[in-house]
Amino acid sequence: MRALSIVIAALGAFHVASSGQVVINEVGWAGTVASGYDEWIELYNASDVPVDLAGWILVIGEREIPLSGTIPPRGLFLLERTDDTTISDVAADLIYKGSIPNGGTVLLLRDPEGAVVDSANLGIVEGWCAGDVGRRASMERISPELPDAPVAWRTATETRALDAEGNPILGTPREENTARGIVVPVAVSIPGAILAGTVEISWETEGNVEALQIKIFVLPAGGTWTLVAEGLPPVGTYELDTTSYPNGAVLIALGPFDELGPRGGAVISGEIAN
Ligand SMILES: [Ca+2]
Ligand SMILES: [Ca+2]
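The opening residue of the sequence shown carries number 77 in the numbering used here; numbering runs sequentially from there.
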């Protein structure tokens, strides 16, 4: 019963809906060792049918990039900036123009009807959920099922491709994200979707949970993600005081973290009504 309520909550967290289950899977916002301008982005089709990207738009900050081409079922799609040598040993699916600011921005994926079906870095005040400009490491989504949130992204630590000068890239362009291999299941529940006063959030992390700490983030309506608790045990509860947030839609993200970033998590949508 508990598991069922969790699944529903997780699906409900796709507040941006999903028409094709295409997600922004990886963002090479820091560029590469060869050039900080050599940015790249990877999309993933999490569905069992091909998706024709004609009419789709990837929004990077204020810039709109029209997409074209087809992503096969469970397939990846690589966008390289300016030319195909950005990732020198992997063929791009689409070449685009325009920069991704190192200081952070929001990426949105819009389907032909204009619906926002996914995002990356939404609700972040400054910088990025993950990635590293010093090592030119990408920001990998740890699971396509996990909605965009601070628990959904991790800095890439492995190499699967070469940049324009033949240097290894910390990232996995057009390859499955290595971060997916370290996901620890966590079940999260709240009493209901309407939240008032103090609300108990409970969670259970499965598997090898040594050296993991739970972090909880809250994204109020029209606001930004805030870390509200950290250093919590793998199984536990937390009393969230909702009265400090405005009434309206709210997302609560909870996940186990190791020293390098999130290892999984859940994003629950609710509505604050005090
Ligand atoms: Ca290439
Ligand atoms: Ca990848």
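In this text, a Cβ means the ideal position worked out from N, Cα and C, and glycines have one as well.
Looking at the DSSP output, residue 263 bridges to 280. For residue 233, the shortest C-beta to heavy atom distance toward ligand 2 is 6 Å or greater.
In its chain, beyond the 5 residues on either side, 107, 157, 158 and 175 have a beta carbon closer than 8 Å to the beta carbon of residue 113. In chain order, the residues with a C-beta atom nearer than 7 Å to some heavy atom of ligand 1 are 156, 160, 161, 162, 163, 164, 166, 167 and 168.
7 Å or more divides the Cβ of residue 263 from the Cβ of residue 218.
DSSP places residue 100 inside the beta strand (DSSP E), whose first and last residues are 98-104.
Any heavy atom of ligand 2 counts here; residues with a Cβ closer than 7 Å to one of them, in chain order, are 101, 102, 118, 152, 216, 247, 248, 249, 250, 251, 252 and 253. For residue 117, DSSP records a beta bridge to 103 and 155. DSSP, reduced to helix, strand and coil, places residue 150 outside both helices and strands of the structure shown, so it counts as coil. Close CB contacts of residue 122 within its chain, under the 8 Å cut and outside five residues either way in sequence, are with 97, 98, 99, 150, 220 and 221 (chain order). The C-alpha of residue 120 lies about 13 Å from the C-alpha of residue 134.
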